[in-house]
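Listed in order, the protein sequences are those of chains A, B and C.
Here our numbering is used: position 7 in the first sequence is 316, and no number is missing along the way.
Here our numbering is used: position 177 in the second sequence is 190, and no number is missing along the way.
Here our numbering is used: position 378 in the third sequence is 1196, and no number is missing along the way.
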Amino acid sequence: MTETRTTPPSDSITDVAPEAPSIAKRLASRPQLVLVAVLVVLIVVTGIIEPNYLSVAGLRNSLVWAIPIGILAAGQTLLMLTGGIDLSIAMIATASAYVTANQSPKGTAFAIAVGLLVGLLAGSLNGLGVGVFRVNPLIMTLAMAAILLGLFTGWATTIFAGSTRMNDFMRTVGGGNFFGGRVPWAAVVWLGVALLVLYLLRRTGFGRNLYALGDNPIASRLSGIRAWQVLVAAYALSGVLGSIAGLLIGGRIGSVDLQLVGFLLLPSVAAAVIGGTSIFGGIGTYSGTILGALILGVLQSLLTFLGAGQGVQQVLYGSIVIGLSWMYTRLASAQ
Amino acid sequence: MTATTPTAERRLGSPEVKRWIQRHGWTVGIWLLLVVLVIWYTTLIPKFGGFQTSTIITGGTSWIFLGVAQAVVVIAGGLDLGVGGMLVLTSVAAAQFMDGQSLGVILILAVLITIAAAVVNGLVGWIITVSKVPDIVVTLGSLFIYQGLALMVLPKVGGGTSGSFRWMFTGSENGIGSNPWPAIVVITIPVVIIAWWMGRTRSGLSLYAVGSDKTAAFLSGVRDAKTKIVAFAVAGAFSALAGFSSVSISGVGNPTTDGGTLTLNSVAAIVLGGVALTGGVGSVLAVVPAAMILFFFNPILSALGVDPNRAQVIQGILIVLVMMVAGVLEWRRSRRS
Amino acid sequence: MSDTPNSVLTAKGIAKNYGPVVALRSVDLSVEPGEIHALLGANGAGKSTFVKVLAGVIHQDAGTNHINGDPVSFKMPNEAAEAGIATVFQDPALIPDLSLDQNLTISGLQHRDVEPWLERLKLANYDFGLLARDVPLATRRLIDLARALALDPQLLMLDEITAALTPEQADLVFDVMREWKRMNRSVLFISHRLGEVLSICDVATILRNGRDVANFSLDGVEESELVAAMLGEALAGAAPAADSGLTSSVADDTDVVLKAIDLDFRGKVNGISFDLRRGEVLGLTALEGQGQDELFALLSGDHRPNTGEIIVNGEPMVARSPYDAIRKGLVFVPADRQEALLPQRSVRENLAMPLYNRIERWFNLRRDEGKRVGAAIERLDIDTRAASQVQRLSGGNRQKVTIGRWLVEDFEVLLCFDPTRGIDIQTKTQIYELLREVAAGGASVLIYSSELREIPLVCDRVLVMYDGAIVHEQPAATATEEILLTAAHGLEVVSS
């Protein structure tokens, strides 16, 4: 629907040349600088409050918190670029971890493979619903979360009754460290995921299509992009990313239950929003999301040191989401 | 709604009846479905009396209020993910402050909490119109904030309210009884008022106007921003009613209730109630039975001997199927015009 | 211009820009009591923008507006209505999902307020319980009119109200207008149908390029004079293509690349057939809303025709989406640049879009992307200073990007919908040259243009559409603006 007031008329003569960028515009084109600054300030502030934080162990704690958020937020970033969202990603993660833990006695590789398959399947179904049947992404993925929770609550006592202990391999990858206990193995997984997602978004036609769909679905259609193909692939990928995050958390905690990852759903959206990805689509980078996840990780440490309760944290999360998206919208309209 | 003038076109049968069915078919159908389910339910369980009726209606009350809250916003072309959080916040606020007070004080507190919920959620609507940030993002934020505030108001399960206040929402001073009438009254009055307001008054119809066609609404002199703020405020007030109902049933406030799940229920209720997520279409009168049905699922399936978890699966699949049909229909309609 | 103190409406120097786009430069208008005043002008002259300013839908950047001598400034359309101006807009202002009765409530009216007018419009017993979206367009416009009349305005503004009406319904509207005039009220009437303008209106104001260029009584004026006034000096401005050396004549026996056979589409396109030959630039012109949008939607694969066939290089095209048309070589440059661009992405990404619409090309970027994009940028001379976001480019450069997108790969037929609308003269010339170049390179071009002047400059042959059908065809070199405008109004072209 076009807004009457803003529809430009058909005739004109004048064209204007682009003006010199103002400070706001420069910031808008480099939001990562702001995020890096925020991250550094947060680390310093945390360090002032708790000097022990500025150590390998302290920073590692923040990183361990940020890793699953960062991987889940990779899925959110891919989908938010298309104008979508995945509210089932945490439940997909939980379900994958549950299946992997349950199947662990049958062999590590097999268990991990079926775990990832859960994400692929659930994600593809999301993609079909959104891309082919045009279900609102919010509804589709919320419903998927409800379906998975229902299925697994039932299956926990039937076909997946038995082991809820994650296999040793995932325990090492999810919770172990190397390099003298300094670097978590999970960071290596995140690095791999990050390189893959960065490559997809920057260097592939698929990535271009994600941005195109979110920025202007009509233009995408007119240049021959078939939205459903892109969307099915993107949601499936998001599902697999959810599985990876779920396996890592399952490994870190050691055993699984159906509340395993739920608490990370909103942080995963928050990380993408903080990183400058627009929920309208078309704008955003995974590097921004990585910074967003790291900021949330440090924030978590800070709040722990402050002894702030769960309530304060959530209020803060909510305010950050609203405040930053307001700022991004202002910056975008300043251009 | 009340057009009784004869139409110029001649059709078989009475066009008014046909049109009425066409327009209100979804509402009528969903009420009929509810009736059928209730009748079926009575055959499934050994005894169906006041206790069972009361349990179902009382339990459905908060679903209905939350569904109406969501419906008001969605009809006005928005979406409020925060309603579930507002339910949790208002219920713990009620439990915290009403505990041990006299009924008079409790009623004043209830009014104050409702007004506060309307103002705060109206503020959320204001932020959306001023910031131009999409509804989803802002209300995702407000969901976080409400949920956090709830934990700050009442750190863990506790508090309470008076027996007479619980009676108003449940027909019993301890939350479970066999008198469904108070719950029926407490549902009917606000819902009828809101339905009348949305269907008959200029300010209420503005919600439909803005949700249906912003440009045409503007040309008719309807202010988009003001309408949206009003819609969010009304949603806040109805979420508070849902919160009161929930605290009346359990007798305590629970800050760890997941508001996101409650929001999903409200969205499910409006989808089943025929409210279009694109805005401008639907009726709160159809949301009432739809919310009842969704709540009713669990007792029916457990009466059938089905694992209650399956209920959730079936419910989720049902919602997706309804949305798929609605999505494809909507797409075809937009391709035709 | 008569500027009597008792004018109903006196607008002076109304100007309106949309960002860099100038819609109204300076328009004066005064409407007297008991006068039916015609507002005329070619497409894009600024009529609708002007009406929206008067009606309070948009706010002017400069100029003043007086009603009965009092200065007014409206923030909302209902304020204009309260001040005595009621408008029936080009798009009906009825809320589609509300019943007609509820629509009245929204405007603060009751059914009995509109009843007398409904009777006059032969809608006395119309069922007001119907949803507005279920009411036929023509009826909706009449109800919109009744609603405007019920507000009892001193000035009634009708923007293209007759376009959707049958002749009988239009006559009813004219009766109402005459009665309005007898009551010493006024009407501002906008219509493309010059015949009805002459029969009903007393005075005409002509807009051209966002200015009022003429104001005269319509007594004894002929249609051809109105056409001439709308064109103004423009008539002399255009040099025929044969002289400019741009066009090449295409032999009749060249192979047909695109053949449309009897296309029908939802009553908007009625039995259109034409041939497009290799290396030809075929022009198409029409007034707004004559089915040209739908025709291009069919050819670009965005919709499928109800009946009829589109043959590309001898093979029928059945398109499920534009992708299929693109694979056949039919590429589309839409009118609305908002529909074609990724405003937040870079020039390079915009140009390279079609390179990745196939799954087998998803997995990496093409190595020669930079080269192809660079070639398109050079060929179109796109200013890349603000290349990081296309929305920061000027209108002309944005239009070049929408065309340039198709130059990164081969195609058979370039479908251009009003490619030069609203852009500067230099860019226009570049686009003309490019289209000729494309044709010379062996591809074909179908171009719809609302700027009649450019038809002879760039086309070999021209078709004119009216009411969903092709009503006129001729070589472009001899197609004067007068001939085209006459044919576009559905009038008989008298060969000179």
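Backbone N, C-alpha and C define an ideal beta-carbon position, used for all residues, glycine too.
- The criterion of a C-beta distance shorter than 8 angstroms is not satisfied by G286(B) and G42(B).
- Shown here, E1040(C) sits in coil according to DSSP, grouped into three states, outside any helix or strand.
- Where R1279(C) is concerned, the enclosing beta strand (DSSP E) starts and stops at 1279-1284.
- The beta carbon of V1289(C) is closer than 8 angstroms to those of V1282, M1283, A1305, G1308 in its chain, skipping five residues each way along the sequence.
- Per DSSP, the continuous beta strand (DSSP E) segment holding F1083(C) begins and ends at 1074-1083.
- The beta carbon of A89(B) sits closer than 7 angstroms to those of L220, V223, G224, T240, K241, A244, G292, all from its chain and outside the five residues before and after it, given in chain order.
- Exclusion of the five residues before and after A255(B) leaves S75, F78, L79, L100 as the residues of its chain whose Cβ lies within less than 6 angstroms of its Cβ.
- Look at Q65(B) here: in three-state DSSP terms it is helix.
- By alpha-carbon distance to L1025(C), the top candidate from A833(C), R951(C), I876(C) is A833(C).
- Short of 8 angstroms from the beta carbon of F488(A), and not among the five residues preceding or following it, lies no beta carbon of its own chain.
- For T56(B), the secondary structure class from DSSP, reduced to helix, strand or coil, is helix.
- Here H855(C) is not near L967(C), since their CB atoms are 8 angstroms or more apart.
- Residue-level contact check: F1150(C) touches chain A, since one or more beta carbons of chain A fall below 8 angstroms from its beta carbon.
- Annotation: S144(B) to Y637(A) spans about 10 angstroms, alpha carbon to alpha carbon.
- Here DSSP, grouped into helix, strand and coil, assigns K870(C) to helix.
- With its beta carbon at least 8 angstroms from every one in chain A, Q878(C) lies outside the interface.
- With 16 or more neighbouring CB atoms inside 10 Å of its own CB, L434(A) falls in the buried class.
- DSSP lists I885(C) as the bridge partner or partners of D888(C).
- In terms of Cα proximity to I588(A), the closest of A528(A), Y520(A), L625(A) is Y520(A).
- At least one CB of chain A lies nearer than 8 angstroms to the CB of L1173(C).
- Only buried fits I207(B), as 16 or more other CB atoms lie within 10 angstroms of its CB.
- Per the Cβ contact rule, the stretch 296-315 of chain B is not in contact with the stretch 190-197 of chain B (fewer than 3 Cβ pairs under 8 angstroms).
- At a cut-off of 8 angstroms between C-beta atoms, L351(A) does not count as an interface residue with respect to chain B.
- Counted as a single uninterrupted DSSP element, the alpha helix (DSSP H) harbouring H929(C) occupies residues 929-938.
- Under the 8 angstroms criterion on CB atoms, L531(A) is classed as interfacial with respect to chain C.
- The residue among F1092(C), A1153(C), L974(C), E1106(C) with its C-alpha nearest the C-alpha of V1130(C) is F1092(C).
- The straight-line gap separating the alpha-carbon atoms of G97(B) and A253(B) is approximately 10 angstroms.
- By the 16-neighbour rule on beta-carbons within 10 angstroms, K169(B) is exposed.
- In the structure shown, N1033(C) adopts extended strand secondary structure according to DSSP, grouped into three states.
- For the stretch 136-156 of chain B, the set of residues with a beta-carbon nearer than 8 angstroms to any beta-carbon of chain A comprises I140, S144, K145, V146, P147, I149, V150, V151, L153, G154, S155, L156, in chain order.
- A Cβ-Cβ distance of about 6 angstroms is found for the pair R959(C) and A982(C), placing them in contact under the 8 angstroms criterion.
- Following the DSSP letters along the chain, one finds I534(A) in no alpha helix (DSSP H), marked with neither H nor E.
- Contact annotation for Q160(B) against chain A: Q623 [CB-CB distance below 7 angstroms, chain order].
- Assigned with DSSP and collapsed to three states, A1153(C) falls in coil, not helix or strand.
- Following the DSSP letters along the chain, one finds P1293(C) inside the beta strand (DSSP E) bounded by residues 1287-1293.
- Residue contact with chain C for V247(B): absent (no Cβ-Cβ distance below 8 angstroms to any residue of chain C).
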